[in-house]
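A.B. asks:
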Amino acid sequence: MFELLGIPPQALFGQLLLGLINGSFYAILSLGLAVIFGLLNIINFTHGAQYMMGAFIAWMLLNWVGIGYWPALLLAPIVAGVTGVIIERTLLKRLYHLDHLYGLLLTFGLALIIQGLFRNQFGSSGLPYQIPAELRGGQNLGFMFLPNYRAWVVVASLVVCLATWFVIEKTRLGAYLRAATENPTLTQAFGINVPLLITLTYGFGVGLAAFAGVLAAPIYSVNPNMGADLIIVVFAVVVIGGMGSIMGAIVTGFGLGLIEGLTKVFYPEASATVIFIIMAIVLLVKPAGLFGRAA
Amino acid sequence: MAEISIAAAPASPSEAADHSALHRTLFIVLAALLVVLPFIPVIGYPFFLMKVLCFALFACAFNLMLGYGGLLSFGHAAYFGFASYVSAYTAKHWGLTPEASILLGTASGAILGLAFGSLAIRRQGIYFAMITLALAQMVYFFSLQTPRFTGGEDGIQAVPRNAILGVLPLSNDTVTYYLVAAIFMAGILLIYRVIHSPFGQVLKAIRDNEARAISLGYRVNQYKLAVFVLSASLAGLAGATKAVAVQLASLTDVHWSMSGEVVLMTLVGGMGTVFGPIVGAAVIISMQNFLAGLGAWVTIVQGVIFVVCVLVFREGIVGVIGKWLKKPL
Amino acid sequence: MTFRMNRRSLMAGAAATAFTARSMAQAQQPINVKIGVLNDRSGLYADLTGEGSVIAARMAVEDFRAAANGINVQIVSADHQNKPDVGANIARQWYDNDAVDVITDVPTSSVGLAINQITREKNRIHLNSGSATSDLTGAQCSPNTIHWTYDTYMLSQGTGGAMVKAGGDTWFFLTADYAFGHALERDTTAVVQRAGGRVLGGVRTPFPGTDFSSFLLQAQASRAKVIGLANAGGDTVNSIKQAAEFGITAGGQKLAGLLVFVVDVHALGLQTAQGLVLTETFYWDLNDNTRAWSRRFGAQRNGFMPTMVQAGVYSSTLHYLKAVAATKSKDPAQVMAWMKANGTDDPLFGQGTIRQDGRKIHPAYLFEVKKPSESKGPWDYYKLIATIPGEEAFRPLNAGGCSLVRA
Numbered sequence: 100m101f102e103l104l105g106i107p108p109q110a111l112f113g114q115l116l117l118g119l120i121n122g123s124f125y126a127i128l129s130l131g132l133a134v135i136f137g138l139l140n141i142i143n144f145t146h147g148a149q150y151m152m153g154a155f156i157a158w159m160l161l162n163w164v165g166i167g168y169w170p171a172l173l174l175a176p177i178v179a180g181v182t183g184v185i186i187e188r189t190l191l192k193r194l195y196h197l198d199h200l201y202g203l204l205l206t207f208g209l210a211l212i213i214q215g216l217f218r219n220q221f222g223s224s225g226l227p228y229q230i231p232a233e234l235r236g237g238q239n240l241g242f243m244f245l246p247n248y249r250a251w252v253v254v255a256s257l258v259v260c261l262a263t264w265f266v267i268e269k270t271r272l273g274a275y276l277r278a279a280t281e282n283p284t285l286t287q288a289f290g291i292n293v294p295l296l297i298t299l300t301y302g303f304g305v306g307l308a309a310f311a312g313v314l315a316a317p318i319y320s321v322n323p324n325m326g327a328d329l330i331i332v333v334f335a336v337v338v339i340g341g342m343g344s345i346m347g348a349i350v351t352g353f354g355l356g357l358i359e360g361l362t363k364v365f366y367p368e369a370s371a372t373v374i375f376i377i378m379a380i381v382l383l384v385k386p387a388g389l390f391g392r393a394a
Numbered sequence: 297m298a299e300i301s302i303a304a305a306p307a308s309p310s311e312a313a314d315h316s317a318l319h320r321t322l323f324i325v326l327a328a329l330l331v332v333l334p335f336i337p338v339i340g341y342p343f344f345l346m347k348v349l350c351f352a353l354f355a356c357a358f359n360l361m362l363g364y365g366g367l368l369s370f371g372h373a374a375y376f377g378f379a380s381y382v383s384a385y386t387a388k389h390w391g392l393t394p395e396a397s398i399l400l401g402t403a404s405g406a407i408l409g410l411a412f413g414s415l416a417i418r419r420q421g422i423y424f425a426m427i428t429l430a431l432a433q434m435v436y437f438f439s440l441q442t443p444r445f446t447g448g449e450d451g452i453q454a455v456p457r458n459a460i461l462g463v464l465p466l467s468n469d470t471v472t473y474y475l476v477a478a479i480f481m482a483g484i485l486l487i488y489r490v491i492h493s494p495f496g497q498v499l500k501a502i503r504d505n506e507a508r509a510i511s512l513g514y515r516v517n518q519y520k521l522a523v524f525v526l527s528a529s530l531a532g533l534a535g536a537t538k539a540v541a542v543q544l545a546s547l548t549d550v551h552w553s554m555s556g557e558v559v560l561m562t563l564v565g566g567m568g569t570v571f572g573p574i575v576g577a578a579v580i581i582s583m584q585n586f587l588a589g590l591g592a593w594v595t596i597v598q599g600v601i602f603v604v605c606v607l608v609f610r611e612g613i614v615g616v617i618g619k620w621l622k623k624p625l
Numbered sequence: 223m224t225f226r227m228n229r230r231s232l233m234a235g236a237a238a239t240a241f242t243a244r245s246m247a248q249a250q251q252p253i254n255v256k257i258g259v260l261n262d263r264s265g266l267y268a269d270l271t272g273e274g275s276v277i278a279a280r281m282a283v284e285d286f287r288a289a290a291n292g293i294n295v296q297i298v299s300a301d302h303q304n305k306p307d308v309g310a311n312i313a314r315q316w317y318d319n320d321a322v323d324v325i326t327d328v329p330t331s332s333v334g335l336a337i338n339q340i341t342r343e344k345n346r347i348h349l350n351s352g353s354a355t356s357d358l359t360g361a362q363c364s365p366n367t368i369h370w371t372y373d374t375y376m377l378s379q380g381t382g383g384a385m386v387k388a389g390g391d392t393w394f395f396l397t398a399d400y401a402f403g404h405a406l407e408r409d410t411t412a413v414v415q416r417a418g419g420r421v422l423g424g425v426r427t428p429f430p431g432t433d434f435s436s437f438l439l440q441a442q443a444s445r446a447k448v449i450g451l452a453n454a455g456g457d458t459v460n461s462i463k464q465a466a467e468f469g470i471t472a473g474g475q476k477l478a479g480l481l482v483f484v485v486d487v488h489a490l491g492l493q494t495a496q497g498l499v500l501t502e503t504f505y506w507d508l509n510d511n512t513r514a515w516s517r518r519f520g521a522q523r524n525g526f527m528p529t530m531v532q533a534g535v536y537s538s539t540l541h542y543l544k545a546v547a548a549t550k551s552k553d554p555a556q557v558m559a560w561m562k563a564n565g566t567d568d569p570l571f572g573q574g575t576i577r578q579d580g581r582k583i584h585p586a587y588l589f590e591v592k593k594p595s596e597s598k599g600p601w602d603y604y605k606l607i608a609t610i611p612g613e614e615a616f617r618p619l620n621a622g623g624c625s626l627v628r629a
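Residue numbers (the working numbering), protein chains in the order written: chain A, 100 to 394; chain B, 297 to 625; chain C, 223 to 629.
(1) On the CB-based measure, 16 or more other CB atoms within 10 Å of its CB, does S245(C) come out buried or exposed?
(2) Take H541(C) and list the residues in its own chain whose beta-carbon comes closer than 7 angstroms to its own, dropping the five residues that flank it on each side.
(3) Going by other Cβ atoms of all chains shown within 10 Å of its Cβ, with 16 needed for buried, is Q248(C) buried or exposed?
(4) Would S301(B) count as contacting chain C if we go by Cβ distances under 7 angstroms?
(5) Below 8 angstroms on the Cβ atoms is my guess for T609(C) versus P585(C); work out the distance and round it to an integer in Å.
(6) Can you give the Cα-Cα distance for S301(B) and S546(B), rounded to whole angstroms?
(7) Which residues of the segment 313-325 of chain A have a Cβ closer than 9 angstroms to any Cβ of chain C? Give them in chain order.
(8) Chain A partners of G421(B), CB-CB under 9 angstroms?
(9) Along the chain, where does the alpha helix (DSSP H) containing T321(B) start, and where does it finish?
(10) E284(C): buried (16+ other C-beta within 10 angstroms of its C-beta) or exposed?
(11) At which residue ranges does the segment 231-284 of chain A contain complete alpha helix (DSSP H) runs of 4 or more residues, listed in the order of the chain?
(12) For a cutoff of 7 angstroms on Cβ pairs, would you count K363(A) as touching chain C?
(13) Any beta-carbon of chain B closer than 7 angstroms to the one on Q496(C)?
(14) Output, in sequence order along the chain, the residues in the segment 441-458 of chain B whose CB is closer than 7 angstroms to any CB in chain C.
(15) Counting Cβ pairs closer than 8 angstroms, one from the segment 245-257 of chain A and one from the segment 175-187 of chain A, do we hit at least three?
(16) Does the beta carbon of Q339(C) come closer than 7 angstroms to any beta carbon on chain B?
(17) Less than 8 angstroms between C-beta atoms, sequence neighbours within five positions excluded: which residues of the same chain meet that for L543(C)?
(18) Does the CB of T470(B) have a neighbour CB from chain A at under 7 angstroms?
(19) From the DSSP output, in three-state form, read off S467(B) for me.
(20) Does DSSP put P622(C) in a helix, a strand or coil?
(21) If you pair each beta-carbon of the segment 431-448 of chain C with each one of the segment 393-403 of chain C, do three or more pairs fall below 8 angstroms?
(22) Give me the Cα-Cα distance between Y125(A) and I377(A), rounded to the nearest whole angstrom.
(23) Beta carbon of R426(C), beta carbon of E368(A): below 7 angstroms?
(24) Ignore the nearest five residues each way along the sequence and tell me which others in M223(C)'s own chain have a CB closer than 6 angstroms to its CB.
(25) When the Cα atoms are used, what is the spatial distance from A509(B) to V253(A)?
(26) To the nearest angstrom, report how far apart L310(B) and F351(B) are at their CA atoms.
(27) Here's the rule I'm using: 16 or more other beta-carbon atoms within 10 Å means buried, otherwise exposed. How should L295(A) be labelled?
(28) For a contact defined as C-beta to C-beta under 8 angstroms, what are the partners of I596(B) on chain A?
(29) Please identify, using Cβ separations under 9 angstroms, the residues of the segment 531-548 of chain B that lie next to chain C, in order along the chain.
(30) Apart from the five residues on each side of it in sequence, which residues of its chain come closer than 7 angstroms, Cβ to Cβ, to A243(C)?
(31) Check the Cβ-Cβ distances between G599(B) and every residue of chain A, and say whether any is below 7 angstroms.
(32) Contact between the segment 516-534 of chain C and the segment 611-621 of chain C is defined here as three or more beta-carbon pairs at a separation below 8 angstroms; is this criterion met?
(33) Output, in chain order, the set of chain C residues within a Cβ distance shorter than 9 angstroms of P231(A).
(34) Do L204(A) and V606(B) have their C-beta atoms closer together than 7 angstroms?
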């Protein structure tokens, strides 16, 4: 068969599929960040730590309370979302009148605290979490062996992303949210409880991060550092997609996963850098991001 | 930039003279302190003091851009770390004398600053910060991928302290300390001079209301680029000196957490004050040193300091003192 | 008055004098020794070194009955966080301000090299148990350093050589893209080719990494019989987990973990790790001596069994204390000379020697991880495949480029 630049097509498709799987994580995480930034104008540096918390909560639910993977998919985001609500109510609220900078610094500090606490408690080597029995094994697709769990990850994240997009763009609640972003004072004058909306939105964004964490727990080791380097990459994704754009975050997340997958085939050493190069280029050419509206 | 807590500028010429007299005294006190510091027990450990001074200079350079220019760079580690590598490499593999390798390191910081600055300046606010972060990440990965230059994970170890100008040997830590202290004083005096010059005034105007400055006819982008390059060069000076002082250049110096740390030092000490970053650096480095036995608690404590500073202590230590004295520090 | 001294009184007098002199010497001059255990207490390697190494060092002091031998030992510890700058900082402070005589353990090769150089500069002693790089007894060898437990050459000799002999003659490498990974890949490639095997290809993975699926897919596509994992810690654990997930091991390819510790297998679980081939120089269940010691160790360590690094800390501390007692001094030159001139003997590594270049020689063991059905209890993870004698396991004395070796 034909070979593309020396790589047989089977290997290429396999890598693209893997890239799509990675892209799912980028998509959910950047979706959470985009939602939070869009409404609160806060760059949530804690997102990586909250992703890590989601994985840990799932682990704790399993090992301390005996609750398995499927309930954890719902419970962990709720628990994490509640902590997010607490953070917003007690800390973030005080910074809305200030420059973006302070929100970034506060959430950066929170990330350090959360990661440090978990590292203290659980060490850094990582805790095991098994793939749920229903999703073990895989399908032989001919060009690669696709583990069932990874297929599930793509499906779950697509569903969650599209559902979120639908709620925000097509429902009444989403309309209130978007109105509150544009003009909070006027929206509040219409009787909509804007502060409550903001708090719940932050909690929802955190919940999304935790959901990604639960998805990640069986395949990446559950350790306190899992969010730290990921968050920088996710920032890049959000910036490329457009800081407040929901669809932008989703499309860019999956897209960048694919590009990273391709880079791993042709020039693996650069696979960690390629996202930043793209980000620098996009910011220079179209600073509001590919899908963003100009600030 | 809205609502950044910075001490206000003086209102009248007599007040300005008053302040500069105060500052002059403070500088003299600082210089005297630096001279006697190695002889004070417990903290008088030259190795530790050199580290503090290098980071203090780094923080001051960063503060030049943030506190006075209003530009938050989240990638300042790139200039610090890259200059550190250049200085270490030239000292070790080319056998250059310290002042030559430090000079080369500073120059590399300046060139990098020029290159990155001209790209980043085109955008404002959070996009500016993100670009600087992205560019710094590329420097990090470059350092990772060129072990022949940077030594990769090992870093450049056993950097020699050659004789200054080929004649004056840096025989021990104390002698090297005085060299570092001299470089430090020169650096912050330069920063002080820049801040209290017409250039500095325009910079503050741009920080406070960019649109107004443009309407007044100032070439805002040129000013921003100038302060970017100056800040990057001084960060490079700090990094290059650190390489000779600590005799090591490693990946930690170009990692994004280093960029975060310098933000912390500036925040704790006081953004937009002259002496704030020095205090901030001293506090943070000492804390890291003395709490080193506690491992992960250092990260937690740093996080708590960040949170507390942002919520209730935005002026920073020196900023609070300055407010209390009703004089800008 | 008669000056007749008979032999008995002479002997008694002599004995009395000698005894008094000796006890006077002991009472006057106990030697104060401070040992610094520098390792990773909070990161990737905390379980395989960390607090366990401190416990091992303390056990050595107890077993040697140091106090009775006129030596007061104080043990301090610190966390270098796997960063050379942090480690260098701590070492300098320890040597300059805290009168530390010996620094031991030090995992992470980049930190080990930094400590090696500082120890030489300050003329103390470095007993390295945790680092992998064979440069410590090669280009970077030092009269103040002994490299105790293992190195990259031995790892590649063991796992590489043995796997080729067992039929694994085509290899594909997953290499962590930093100095340690490259060194491991280079050494193992040499061994594989010398033994008549072929390296079909390899891929450099960004370090540290979490997702190795695409690299594993490339390894699978190469159809090499052996996939060599030239990485360590979390990277190794992740690669192995994901290889199991993608059915690679089920498909017949064997995984060669080039640097795997018993705690990694514990973290992976036998279900995932079974069939993995690895080389270590110590295993808790090897013989009665190791079992007895490990049980004592485990009692202080929440039931965790010791790794070879921790065992190395015990062994090196013991030998050091013997040297100090024998030479009655802390002078590095004298103590090092004694340590190299006299063989080592401890319940963990048995009898061994220390070479001119600072390399400790003892046998290496090739293990295979048991299937869950083969394991009879907790921590029963390994079956012994082969024993490699010390002279074969480690690089020949003249091949390292060490300046201390007189040709």
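Positions of the beta carbon are idealized from the N, C-alpha and C atoms, including for glycine.
C.D. replies: Quick answer:
(1) Residue confidence for S245(C) is low, a pLDDT of 48 falling below 50, so the modelled location carries little weight and cannot support an answer.
(2) The beta carbon of H541(C) lies closer than 7 angstroms to those of M561 and T566 in the same chain, with the five residues before and after it left out.
(3) Because Q248(C) carries a pLDDT of 46, less than 50, the predicted location of this residue cannot be relied on, and no value is offered for it.
(4) Confidence at S301(B) is low in this model, with a pLDDT of 47, below 50, so its placement is unreliable and the value that follows should be read with caution. It does not; no Cβ of chain C falls within 7 angstroms.
(5) Rounded, the Cβ-Cβ distance is 6 angstroms, consistent with contact.
(6) Because S301(B) carries a pLDDT of 47, less than 50, the predicted location of this residue cannot be relied on, and the following value inherits that uncertainty. Distance between the alpha carbons of S301(B) and S546(B): 34 angstroms.
(7) Along the segment 313-325 of chain A, the positions whose C-beta sits under 9 angstroms from a C-beta of chain C are A315, P317, I318, Y319, S320, N322, N324 and M325, read in chain order.
(8) In chain order: D198, H199, L200 and A394.
(9) Per DSSP, T321(B) belongs to the alpha helix (DSSP H) from P309 to V332.
(10) Residue environment: E284(C) is assigned as exposed (fewer than 16 neighbouring CB atoms within 10 Å of its CB, all protein chains considered).
(11) For the segment 231-284 of chain A, whole alpha helix (DSSP H) runs of length 4 or above, ordered along the chain, are 247-269 and 271-281.
(12) Interface residue, yes.
(13) Judged by the 7 angstroms Cβ criterion, Q496(C) is not in contact with chain B.
(14) Here the close residues are P443, G448, E449, D450, G451, Q453 and A454.
(15) Pairwise C-beta distances place the segment 245-257 of chain A out of contact with the segment 175-187 of chain A, as fewer than three of them are shorter than 8 angstroms.
(16) It does; some Cβ of chain B falls within 7 angstroms.
(17) Here the set comprises V255, A282, V283, F286, A288, N291, I293 and V295.
(18) Closer than 7 angstroms: no.
(19) The answer is coil: DSSP assigns S467(B) none of H, G, I, E or B.
(20) Inspection of the sequence shows that residue 622(C) is occupied by Gly rather than by Pro. If DSSP states are grouped into helix, strand and coil, G622(C) belongs with coil.
(21) Output reads yes: the segment 393-403 of chain C touches the segment 431-448 of chain C.
(22) Computed Cα separation, rounded: 15 angstroms.
(23) Contact: yes.
(24) The pLDDT assigned to M223(C) is 42, lower than 50, so where the model puts this residue is not dependable, and the model offers no usable value.
(25) Their Cα atoms are separated by approximately 50 angstroms.
(26) Looking at the sequence itself, residue 310(B) is Ser, so the reference to Leu does not match. If you draw a straight line from the Cα of S310(B) to the Cα of F351(B), it is about 34 angstroms long.
(27) By the neighbour-count rule (16 or more Cβ atoms within 10 Å), L295(A) is not buried but exposed.
(28) Within chain A, the residues whose beta carbon sits less than 8 angstroms from that of I596(B) are L211, I212, G215, L216 and N219, listed in sequence order.
(29) Within the segment 531-548 of chain B, the residues whose Cβ lies closer than 9 angstroms to some Cβ of chain C are V542, Q543, L544, A545, S546, L547 and T548, listed in chain order.
(30) Annotation note: pLDDT 48 at A243(C) (below 50); position unreliable, coordinate value reported separately. Take A243(C), set aside five residues on each side of it, and no residue of its chain has a beta-carbon closer than 7 angstroms to its own.
(31) It does: the Cβ of G599(B) has a partner Cβ on chain A nearer than 7 angstroms.
(32) Result no; under three Cβ-Cβ pairs closer than 8 angstroms.
(33) Those within 9 angstroms of P231(A) in chain C number zero; the least Cβ separation is about 13 angstroms.
(34) Yes. Within cutoff.
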